[in-house]
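Only one structure is covered here, and it is reproduced in the block below.
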Amino acid sequence: MKNKTSSRGITQKQAVAGWIFLTPATILIAIMAFWPIIQALFTSFKTGSSANMTWASPLTFNYTRMFQDRRFMTSVGNTFLYLIVQVPIMLVLAILLAQLLNNKDVKFRGLFRTFIFLPCATSLVSYSLIFKSMFATQGLINTILVNLGILKENFNFLGTTWSARMVIIIALIWRWTGYNMVFYLAGLQGIEYSVYEAAKIDGANGWKTFWHITVPLLRPTIIMTFIMSINGTLQLFDESVNLTSGGPANTTITMSHYIYNNSFGQGVANFGYASAMSFFVFILVAVLAAINMKVGDTRD
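All letters in the sequence shown, in the order written, are residues 1104 to 1403 by the working numbering.
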């Protein structure tokens, strides 16, 4: 009886100690994260600039204004273009590279893995400026293409809408492929090698093994990377700001870039409208993440 009482007392003390350690972090998270979110929600129903904000009439004014704002709708279209084109290419490349570099017969696997992952360690601003320099009218890419005879004269990649968008997509693929490859490598190393040996004995070729064994077993990892990539792309900011400055004529601007412009970048702090657009992005992220999780849920 005494042992039960003492063990129960120890458990209670451990629980109390756990809450004592959690309380400071919980309070900080509530103050630094959740309270600003609630404040932003209230702000999204207001109009005016800076300290002169008043409740909008009607309250949904900022939310209805979004869908009448051509520039914001352009930013939505651009962001989804980057999402639809870049994310599938990046994830397919990442899983193929992971499969290749997980092969025991490949020499210098560690070195290749490091090289492919290194772009992810590059500063967002730095790599955007590097790509901006490379694709400039007098930059490296133009020099190579002209010398090879592919172009007759230098082409303004960043001054033409379709090419500027492609430069952003190429930059995103370059930077984030290695990041996702690491997750797939971790997933592949959790698969027993005997599974592949059994498939080989049964006569399965490389493609069948990859499609019917590797992909199903990596499904949770694929869903996770897909959700993270969607989340990151919908909040894309640095490339639009530092690589193209949203140009030419705001045709490459992203939603986050446009929200920033309305908050700080245009001289007038339109926090109400920017908050409403931010919650629109939040809803998009939540809905797409929920769809991905539902589609990827294989439980009965």
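In this text, a Cβ means the ideal position worked out from N, Cα and C, and glycines have one as well.
What you are looking at is a predicted structure, and each value in this text was computed from that prediction instead of being measured.
Item: Would you be able to state if there are at least three C-beta pairs under 8 Å between the region 1371 to 1386 and the region 1160 to 1170?; Value: yes
Item: For Ala-1274 and Thr-1355, which I take to be in contact (beta-carbon distance under 8 Å), what is that distance rounded to the nearest angstrom?; Value: The pair is not a contact, with the Cβ atoms about 12 Å apart (cut-off 8 Å).
Item: Roughly how many angstroms lie between the CA atoms of Gly-1252 and Trp-1265, to the nearest whole one?; Value: 22 Å
Item: Thinking just about the alpha-carbon of each residue, which of Ser-1229, His-1360, Gly-1349 and Leu-1199 is nearest to the one in Gly-1262?; Value: Gly-1349
Item: Just to confirm the assignment: which complete alpha helix (DSSP H) runs, minimum length 4, are found wholly within the region 1165 to 1246?; Value: 1173 to 1204, 1212 to 1220 and 1227 to 1237
Item: My guess is that Ile-1276 and Leu-1196 are in contact by the Cβ rule of under 8 Å, so how many angstroms apart are they, rounded?; Value: 7 Å
Item: Closer than 6 Å by C-beta to Met-1237: which residues in its own chain qualify, once you throw out the five before and the five after it? Chain order, please.; Value: Leu-1243 and Ile-1244
Item: DSSP has Thr-1146 in a bridge; who is on the other side?; Value: According to DSSP, Thr-1146 bridges with nothing at all.
Item: What is the C-beta distance between Gly-1375 and Ala-1159, in whole angstroms, given that I count them as a contact (C-beta under 8 Å)?; Value: 7 Å
Item: Could you check whether the region 1218 to 1226 touches the region 1302 to 1311, counting it as contact only if at least three pairs of C-beta atoms, one from each stretch, sit closer than 8 Å?; Value: no
Item: Could you name the residues of the same chain whose beta carbon sits closer than 6 Å to that of Leu-1186, not counting the 5 residues immediately before and after it, in chain order?; Value: Thr-1336
Item: Just verifying my parser: in three-state terms, what is the DSSP assignment at Thr-1263?; Value: coil
Item: Who are the near neighbours of Asn-1395 in its chain, counting only those whose CB is closer than 8 Å to its CB and skipping five residues on each side?; Value: Ile-1326, Phe-1329, Ile-1330 and Ile-1333
Item: Less than 8 Å between the beta carbons of Met-1284 and Leu-1200, yes or no?; Value: yes
Item: Considering only the beta carbon of each residue, do Phe-1286 and Thr-1317 sit closer than 8 Å?; Value: no
Item: Identify the continuous alpha helix (DSSP H) that holds Met-1358 and give its terminal residues.; Value: 1358 to 1363
Item: The alpha helix (DSSP H) with Asn-1334 in it runs from where to where?; Value: 1322 to 1337
Item: How big is the Cα-Cα spacing for Ala-1372 and Tyr-1363?; Value: 10 Å
Item: Would you mind working out which of Pro-1351, Arg-1322, His-1360 and Gly-1290 sits nearest Val-1398, comparing C-alpha positions?; Value: Arg-1322
Item: Tell me the rounded alpha-carbon separation between Asp-1305 and Ile-1272.; Value: 41 Å
Item: Under a Cβ-count criterion, where at least 16 other Cβ atoms within 10 Å of its own Cβ denotes burial, should Arg-1278 be classed as buried or exposed?; Value: buried
Item: Would DSSP call Thr-1355 helix, strand or coil?; Value: coil
Item: What are the complete alpha helix (DSSP H) segments, minimum 4 residues, inside the region 1249 to 1322?; Value: 1264 to 1292, 1296 to 1304 and 1309 to 1312
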